[in-house]
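A.B. asks: If you're matching them up, the sequences are chains A and B in order. Per the numbering used here, the very first residue in the first sequence carries number 26; after that it's consecutive. Per the numbering used here, the very first residue in the second sequence carries number 26; after that it's consecutive. Backbone N, C-alpha and C fix where the C-beta goes; we use that ideal spot for every residue, glycine too.
There are 2 protein chains.
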Amino acid sequence: MMTDANRLSDMGLGADDAICAAIVHGAADAIVLADRDGAIRLWNGAAERIFGFRADEAMGRSLDLIIPEKLRARHWEGYREVMRTGRSRYSTELLSVPALRKDGERISVEFTVSLLSGADGAPSGIAAILRDTTERRRRDQELQKRLAALEGRKP
Amino acid sequence: MMTDANRLSDMGLGADDAICAAIVHGAADAIVLADRDGAIRLWNGAAERIFGFRADEAMGRSLDLIIPEKLRARHWEGYREVMRTGRSRYSTELLSVPALRKDGERISVEFTVSLLSGADGAPSGIAAILRDTTERRRRDQELQKRLAALEGRKP
Chain A
26 MMTDANRLSD
36 MGLGADDAIC
46 AAIVHGAADA
56 IVLADRDGAI
66 RLWNGAAERI
76 FGFRADEAMG
86 RSLDLIIPEK
96 LRARHWEGYR
106 EVMRTGRSRY
116 STELLSVPAL
126 RKDGERISVE
136 FTVSLLSGAD
146 GAPSGIAAIL
156 RDTTERRRRD
166 QELQKRLAAL
176 EGRKP
Chain B
26 MMTDANRLSD
36 MGLGADDAIC
46 AAIVHGAADA
56 IVLADRDGAI
66 RLWNGAAERI
76 FGFRADEAMG
86 RSLDLIIPEK
96 LRARHWEGYR
106 EVMRTGRSRY
116 STELLSVPAL
126 RKDGERISVE
136 FTVSLLSGAD
146 GAPSGIAAIL
156 RDTTERRRRD
166 QELQKRLAAL
176 EGRKP
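1) Once you ignore the five residues that flank B/S139 on each side, which residues in its own chain have a CB closer than 6 Å to its CB?
2) What do you reckon, are the CB atoms on A/T158 and A/E135 nearer than 8 Å?
3) Nearest chain B C-beta to A/I132 closer than 8 Å, yes or no?
4) Any idea what DSSP makes of B/I75, helix, strand or coil?
5) Assess, as a yes-or-no matter, whether the segment 99-111 of chain A is touched by the segment 159-178 of chain A under the definition of 3 or more beta carbon pairs within less than 8 Å.
6) Using a Cβ-Cβ cut-off of 6 Å (strictly less than) and excluding sequence neighbours within five positions of A/H50, which residues of its own chain qualify?
7) Taking a cut of 9 Å between CB atoms, which residues from the segment 48-59 of chain B lie near chain A?
8) Tell me whether A/R162 sits in a helix, a strand or coil according to DSSP, three-state version.
9) Which residues does DSSP list as the beta-bridge partners of B/S116?
10) Using a Cβ cut-off of 8 Å, pull out every chain C residue sitting near B/E176, in sequence order please.
11) Determine whether the Cβ of B/A83 lies closer than 8 Å to any Cβ atom of chain A.
12) Tell me whether A/A144 is buried or exposed, calling it buried when 16 or more other Cβ atoms sit within 10 Å of its Cβ.
13) In the DSSP assignment, what are the bridge partners of B/A153?
14) Tell me the rounded alpha-carbon separation between B/G63 and B/A46.
15) Any C-beta of chain A sitting closer than 8 Å to the C-beta of B/T117?
16) With distance defined between alpha-carbon atoms, name the residue in A/D54, A/R61, A/F78 and A/D60 nearest to A/E130.
17) Within the 8 Å Cβ cut-off, does B/V122 reach chain A?
18) Which chain B residues sit within Cβ distance under 7 Å of A/D41?
19) Residues in the same chain with beta-carbon distance under 7 Å from B/E73, minus the five sequence neighbours each way, listed in chain order, please.
20) Closest by CA to B/K95, which one among B/P123, B/S113 and B/S133?
21) What three-state label does DSSP hand B/R109 in the structure shown?
22) Count the other CB atoms within 10 Å of the CB of B/L120; is the residue buried (16 or more) or exposed (fewer)?
23) Of all Cβ atoms in chain B, is any one closer than 8 Å to the Cβ of A/L90?
24) DSSP on B/I92, reduced to helix/strand/coil?
25) Below 8 Å on the Cβ atoms is my contact criterion, and I expect A/L175 with B/L175 to pass it. Report the Cβ-Cβ distance as a whole number of Å.
26) May I ask you to list, following chain order, the residues of the segment 148-170 of chain A that have a beta carbon less than 7 Å from some beta carbon of chain B?
27) Between B/T137 and chain A, is the shortest Cβ-Cβ distance under 8 Å, so that the two count as touching?
28) Quick one: what does DSSP say B/R131 is sitting in, helix, strand or coil?
29) Ends of the beta strand (DSSP E) at B/R66?
30) Does B/L141 come within less than 8 Å of chain A when only Cβ atoms are used?
31) Quick one: Cα of A/S142 to Cα of A/G150, how far?
32) In angstroms with no decimal places, state the Cα-to-Cα distance between B/A59 and B/L67.
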């Protein structure tokens with residue numbers, strides 16, 4: 026599973042870790058890392074674009090920054106469970122939730138999560154890779170409405 | 026846009042770059058990096074799961090490994106264009122293509138790409154973050170068929 030550092034470094038980009046940093050910061054998907062307390066510790070350029078908060082506005086803040094109020098209790102219940110047990114039910118799953126932008130707009134995001142561990146093996150944070158799926162979701166709902174109307178039922 | 030290394034390192038995970046490496050290798054989305062010649066230089070655990078090739082089978086191979094034959098010419102045309110100009114038309118776009126698994130199965134993937142540059146500023150590779158969307162695509166096509174049938178037209 027590990028990459029070959031020699032092969033990577035001959036790309037002129039330095040060591041494997043530095044290349045991974047370039048991938049994370051330059052990704053077109055939002056990549057966000059929160060520590061065990063749920064405070065934001067990494068916020069890449071695409072997260073700035075998708076959520077409207079600059080990294081310096083997001084860093085150190087709670088993930089509540091982008092979680093609609095009604096969903097926060099459920100979110101933190103799951104989050105604390107993962108931090109306590111070191112296990113996530115969602116390790117290969119695509120999650121779909123509403124999220125908030127800085128301008129107050131509610132968007133739809135799909136994301137995957139992965140658990141990070143400290144040197145002691147204990148869970149130290151959760152990384153998420155997120156895509157804005159607002160437009161696709163709208164199209165899907167439109168389609169479901171048309172289908173329901175044609176089938177003579179409520180959507 | 027840059028993260029605060031001090032804040033990150035107090036998570037017990039080391040420096041920012043090491044955390045990014047943990048994010049990339051542990052991500053639930055496939056993350057693949059190809060160099061300027063299109064040879065695979067990074068292939069994370071989720072890429073192994075989604076495409077069926079282990080990292081040691083994929084590393085150093087051409088991206089043709091997962092590109093259906095009919096799409097290769099178009100793929101490499103675009104790839105070389107990006108490497109020559111240092112610009113990608115797809116910097117914030119979600120791309121959707123068929124892809125090949127090791128077992129020969131054809132799957133659907135959605136992915137974003139980002140361009141990596143070497144110390145000299147020249148393009149040195151392209152990173153992609155990919156999700157298997159085969160199941161959703163099938164459901165969408167099913168829905169379109171039902172809709173077409175109800176509307177008395179061909180899907």
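C.D. replies: So, from the listed chains and residues:
1) Here residue 139 of chain B corresponds to residue number 114 of the second sequence, with the count starting at 1. In chain order, A152 place their CB closer than 6 Å to the CB of B/S139, counting only its own chain and leaving out the 5 sequence neighbours on each side.
2) Mapped onto the first sequence, residue 158 of chain A falls at position 133. Mapped onto the first sequence, residue 135 of chain A falls at position 110. Cβ distance < 8 Å, so A/T158 and A/E135 count as in contact.
3) Sequence index remark: in the first sequence, residue 132 of chain A carries index 107 (1-based). False, the Cβ-Cβ gap to chain B never drops below 8 Å.
4) On the second sequence, position 50 is the one that residue 75 of chain B refers to. If DSSP states are grouped into helix, strand and coil, B/I75 belongs with the helices.
5) no
6) By 1-based counting over the first sequence, the position of residue 50 of chain A is 25. Apart from sequence neighbours up to five positions away, the residues of its chain that approach A/H50 with a beta-carbon distance below 6 Å are N69, ordered along the chain.
7) I48, V49, H50, G51, A52, A53, D54, I56 and L58
8) Taking the first sequence and counting its residues from 1, one reaches residue 162 of chain A at position 137. Reduced to three states, the DSSP call for A/R162 is helix.
9) As a first step, residue 116 of chain B must be located in the second sequence, where it is residue number 91. Beta-bridge pairing links B/S116 to no other residue.
10) The chain inventory of the structure shown lacks chain C, comprising the protein chains A and B.
11) Within the second sequence, numbered from 1, the residue matching residue 83 of chain B stands at position 58. Output row for B/A83: interface = no.
12) Taking the first sequence and counting its residues from 1, one reaches residue 144 of chain A at position 119. Exposed, because fewer than 16 other Cβ atoms sit within 10 Å of the Cβ of A/A144.
13) To locate residue 153 of chain B, count along the second sequence from 1; it is residue 128. In the DSSP assignment, B/A153 is bridged to B/V57 and B/V138.
14) Along the second sequence, one-based indexing puts residue 63 of chain B at 38. Along the second sequence, one-based indexing puts residue 46 of chain B at 21. When rounded, the separation of the alpha-carbon atoms in B/G63 and B/A46 is 21 Å.
15) Residue mapping note: residue 117 of chain B aligns to position 92 of the second sequence, counting from 1. For B/T117, the answer is yes, since a Cβ of chain A falls inside 8 Å of its Cβ.
16) Within the first sequence, residue 130 of chain A is the residue found at index 105, counting from 1. Nearest of A/D54, A/R61, A/F78 and A/D60 to A/E130, Cα basis: A/F78.
17) Along the second sequence, one-based indexing puts residue 122 of chain B at 97. Under the 8 Å criterion on CB atoms, B/V122 is classed as non-interfacial with respect to chain A.
18) Here residue 41 of chain A refers to the residue found at position 16 when the first sequence is read from its first residue. Going along chain B in sequence order, the residues near A/D41 (Cβ under 7 Å) are A46.
19) Looking up residue 73 of chain B in the second sequence gives position 48. Same-chain partners within the cutoff: R79 and A80.
20) Sequence index remark: in the second sequence, residue 95 of chain B carries index 70 (1-based). Comparing Cα positions, the closest option is B/P123.
21) For this step, residue 109 of chain B is matched to residue 84 along the second sequence. Three-state DSSP puts B/R109 in a helix.
22) For the purposes of this step, residue 120 of chain B is taken as the residue at position 95 of the second sequence. It counts as exposed.
23) Against the first sequence, residue 90 of chain A aligns to sequence position 65. No, A/L90 lies away from the interface with chain B (no Cβ there is under 8 Å from its Cβ).
24) One-based indexing of the second sequence puts residue 92 of chain B at position 67. Looking at B/I92 - three-state DSSP - the assignment turns out to be coil, as it is neither helix nor strand.
25) Within the first sequence, numbered from 1, the residue matching residue 175 of chain A stands at position 150. Within the second sequence, numbered from 1, the residue matching residue 175 of chain B stands at position 150. At roughly 4 Å, the Cβ-Cβ gap stays under 8 Å, so A/L175 and B/L175 are in contact.
26) S149, G150, A152, I154, R156 and L168
27) The residue you call residue 137 of chain B lines up with position 112 of the second sequence. Output row for B/T137: interface = yes.
28) Residue mapping note: residue 131 of chain B aligns to position 106 of the second sequence, counting from 1. Note: B/R131 maps to strand in three-state DSSP.
29) For the purposes of this step, residue 66 of chain B is taken as residue 41 along the second sequence, with counting starting at 1. Unbroken beta strand (DSSP E) run through B/R66: I65 to W68.
30) On the second sequence, position 116 is the one that residue 141 of chain B refers to. Yes, B/L141 counts as interfacial toward chain A.
31) Within the first sequence, residue 142 of chain A is the residue found at index 117, counting from 1. Within the first sequence, residue 150 of chain A is the residue found at index 125, counting from 1. Going from the Cα of A/S142 to the Cα of A/G150 covers about 7 Å.
32) Taking the second sequence and counting its residues from 1, one reaches residue 59 of chain B at position 34. Taking the second sequence and counting its residues from 1, one reaches residue 67 of chain B at position 42. Their Cα atoms are separated by approximately 7 Å.
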